[in-house]
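Below is one structure, written out as structure tokens; comments come after it.
2 protein chains.
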Amino acid sequence: MQARLDEVKAQVRAALDEALSALPKGELADAMAYATVGGKRIRALLVLESARLHGVSDTAALPVAAAVEALHAYSLVHDDLPAMDDDDLRRGMPTCHIQWSEATAILAGDALQALAFALLTRDEIGGPEARLRLIGAFAGAVGAAGMVWGQAQDIAAETALRPLDLEAITRLQGAKTGALIRFAATAGPLIAGGETEALDHYARKLGLAFQIADDILDVTGDQDLTGKRVGKDDAAGKATFVSLLGLDGARAEAARLAAEAEAALASYGEAAENLRDLARFVIERDT
Amino acid sequence: MQARLDEVKAQVRAALDEALSALPKGELADAMAYATVGGKRIRALLVLESARLHGVSDTAALPVAAAVEALHAYSLVHDDLPAMDDDDLRRGMPTCHIQWSEATAILAGDALQALAFALLTRDEIGGPEARLRLIGAFAGAVGAAGMVWGQAQDIAAETALRPLDLEAITRLQGAKTGALIRFAATAGPLIAGGETEALDHYARKLGLAFQIADDILDVTGDQDLTGKRVGKDDAAGKATFVSLLGLDGARAEAARLAAEAEAALASYGEAAENLRDLARFVIERDT
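Respectively, the protein sequence lines represent chains A and B.
For what it's worth, the numbering used here labels the leading residue of the first sequence as 13, then goes sequentially.
For what it's worth, the numbering used here labels the leading residue of the second sequence as 13, then goes sequentially.
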């Protein structure tokens, strides 16, 4: 899996660099580039694999993979702001507002969102209908009924009178991290005009397994490997899958979800092997 | 002009309310709705008038007008943040981060940007090609080569060693306020697949005239009418069109630009009368 992720990393880096190089030089563009450095590129991999499963070329899928990673980078930059999660370390580097300034971090995030939408208009992706399907789904995954809604719930939970229960956390994370993962995993059929159901089902399970693994890493992880502060949720008294299920319970639930994700790919047969590997990878990773 | 603006105000309010009502209820959606209250709706008027000049119906143009106003609202919410211009009054009401919280204001801005793109995918607007032209132009107007770039320059100017000169301010404002105004004014031909040149020329002049009038109002304006703090630029020692040209010089320049804007509409004849009225309105307004 790591070899495939490294391949995707190089492809996405080139696509992002090309898009960023077209912008006016200066601190804003530098901060945007800084924010897109590193990361596991799991979302990009989802886009490229989902594309292959539906006969869509890497060339067509790459702007979409870059858009998803640009969007993900914006969400991290804004989530790390002092008014939000107030983090100083991300991907092993100072967070964007520490490296530059709070104003530049806000603006870099804003511009990365716009860049993501710009990437989805690219000719290489396919016909106008295909691109519009993508853009519509993307706007929904990002906005006030998707990722941003999830982040707002997460912030609200910090000052809530009682911690969230399992149902509320599942709903929250289904939006905060799940919505973009579902978009990425269904990009292939969205471009090709195919059926999104199986990949959407896979992505729902994968997204939750991924988040549970993140919660486990916040407890058991090594800051040098994860590249971000650990133990933060517990210190903040936040409910997580670990606080609600226990460490063993969380591990069992992640494994169950990963298996369900794999099973959702049955109709794709051998061709979906990389996506099955990914389901195992997300729960076994130490970064 | 005010009667036409009031008509547009009601249409845009209805379109925004419809789009906002589809979002999950809660503080995030409330803050987004709050941020879209009020405003002169000059950008929406530009969209609707430019549409009429190119045979595009109000029904087709309205989602675009709503998108432009949602985007404008997001930019005001983020510009007003403590890390940016740190404003507490906007459109006569507490700014979004004062009324809610800084985190909610950041997220409401983020979600308003996504909502703007979602609105541009609406079927009513026209065929897929038309909507893609709009979305591509919009992403360019908003992002790191457009509005956000202008705002970054504006923030950087506050801590620069010497104030900006006329050329630098003109370039900065051409991006910060000009890019979205140019998008709005060319929305009609972008939808219809027509020639954008005359309206783009009009919008360049109008945008600058508008900004000069804003700088004049910051010096001569009444806070009760403008609904925002006045005298801020001078207190911050910021270069403005007034500090560089003097009050009389700025008034003369605004009048000259408004006349050039009107002249750019010659080929449209009588049909462009509302846009000519608007050019006079933006330099004569006291709000």
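Ideal Cβ positions, reconstructed from N, Cα and C, are used throughout, including at glycine.
Separation of residue j from residue i, as counted between CA atoms
i                 : j                 : result
Arg53 of chain A  : His66 of chain A  : 20 Å
Val160 of chain B : Ala123 of chain A : 6 Å
Phe150 of chain B : Arg183 of chain B : 19 Å
Thr171 of chain A : Gln125 of chain A : 28 Å
Leu218 of chain B : Ala117 of chain B : 30 Å
Val89 of chain B  : Ala128 of chain B : 14 Å
Met13 of chain B  : Ile228 of chain B : 21 Å
Glu285 of chain B : Lys21 of chain B  : 19 Å
Arg216 of chain B : Arg194 of chain B : 6 Å
His39 of chain A  : Ala115 of chain A : The question names His, but residue 39 of chain A in the sequence shown is Glu. Rounded to the nearest angstrom, the two C-alpha atoms are 11 Å apart.
Glu30 of chain B  : Asp135 of chain B : 15 Å
Thr299 of chain B : Val68 of chain B  : 30 Å
Ser62 of chain A  : Gly121 of chain A : 27 Å
Asp100 of chain A : Leu287 of chain B : 49 Å
Within chain A, partners of residue i - CB distance below 8 Å
i                 : result
Thr133 of chain B : Leu144, Ile147, Gly148 and Ala151
Glu141 of chain B : Pro140
Ala248 of chain B : Within chain A, no residue comes near Ala248 of chain B; the closest Cβ sits about 14 Å away, beyond 8 Å.
Ala264 of chain B : Going along chain A, no residue has its Cβ under 8 Å from Ala264 of chain B, so there is no contact; the nearest lies around 31 Å.
Nearest residue (CA-CA) to residue i, options the options
i                 : options                                   : result
Gln185 of chain B : B:Ile203, B:Gln223, B:Glu170 and B:Thr171 : B:Gln223
Ala77 of chain B  : B:Arg64, B:Ala43, B:Val68 and B:Val59     : B:Val59
Ala47 of chain A  : A:Leu57, A:Trp112, A:Gln165 and A:Ala34   : A:Trp112
Arg297 of chain A : A:Gly162, A:Thr238 and A:Ala26            : A:Thr238
Thr198 of chain B : B:Lys188, B:Tyr214, B:Thr189 and B:Ala187 : B:Tyr214
Thr189 of chain B : B:Glu30, B:Leu83 and B:Val231             : B:Leu83
Ala270 of chain B : B:Asp246, B:Phe293 and B:Asp42            : B:Phe293
Val49 of chain A  : A:Arg25, A:Glu61, A:Ser69 and A:Ala248    : A:Arg25
Ala248 of chain A : A:Asp98, A:Ala157 and A:Gly152            : A:Asp98
Ala187 of chain B : B:Leu220, B:Ala225, B:Leu74 and B:Gly206  : B:Leu220
Chain A contact residues for residue i, given Cβ-Cβ distances below 9 Å
i                 : result
Gln125 of chain B : Asp122, Gln125, Ala126, Phe129, Val154 and Gly155
9 Å Cβ cutoff met for residue i and residue j
i                 : j                 : result
Glu19 of chain B  : Gly51 of chain B  : no
Leu176 of chain B : Ala291 of chain B : no
Ala275 of chain A : Ile295 of chain A : no
Arg64 of chain B  : Gly200 of chain B : yes
Leu202 of chain B : Leu146 of chain B : yes
Ala273 of chain A : Leu131 of chain A : no
Met105 of chain B : Ile167 of chain B : no
Gly243 of chain B : Asp230 of chain B : yes
Ala142 of chain B : Ala204 of chain B : yes
Closer than 9 Å at the beta carbon, the chain B residues around residue i
i                 : result
Trp161 of chain A : Leu35, Pro36, Gly38, Leu40, Ala41, Leu119 and Ala123
Exposed unless 16 or more other CB atoms sit within 10 angstroms - verdict on residue i
i                 : result
Pro36 of chain A  : exposed
Gln235 of chain B : exposed
Gln165 of chain B : buried
Ser33 of chain B  : exposed
Asp91 of chain A  : buried
Gly138 of chain B : buried
Ser279 of chain A : exposed
Thr107 of chain B : buried
Arg174 of chain B : exposed
Gly155 of chain B : buried
Thr208 of chain B : buried
Lys240 of chain A : buried
Under 8 Å by beta carbon: chain B residues contacting residue i
i                 : result
Ile203 of chain A : Ordered by position in chain B, no residue passes the 8 Å Cβ test against Ile203 of chain A, which lies about 14 Å from the chain.
Ala85 of chain A  : Those do not exist, as Ala85 of chain A stays about 13 Å from chain B at its closest Cβ, beyond 8 Å.
Met105 of chain A : Those do not exist, as Met105 of chain A stays about 20 Å from chain B at its closest Cβ, beyond 8 Å.
Within chain A, partners of residue i - CB distance below 7 Å
i                 : result
Ile167 of chain B : Ala115
Beta-carbon neighbours of residue i, restricted to chain B and to distances below 7 Å
i                 : result
Arg77 of chain A  : This sequence places Ala at residue 77 of chain A; Arg is not what is there. Simply none; closest approach about 17 Å.
Leu178 of chain A : By Cβ distance, chain B contributes nothing, its closest Cβ being about 19 Å from Leu178 of chain A, past 7 Å.
His90 of chain A  : Ile118 and Asp122
Leu93 of chain A  : Ile118
Ala72 of chain A  : Within chain B, no residue comes near Ala72 of chain A; the closest Cβ sits about 15 Å away, beyond 7 Å.
Ala196 of chain A : Ordered by position in chain B, no residue passes the 7 Å Cβ test against Ala196 of chain A, which lies about 16 Å from the chain.
Met13 of chain A  : Near Met13 of chain A there are no residues of chain B at all, since even the closest Cβ is about 31 Å away, more than 7 Å.
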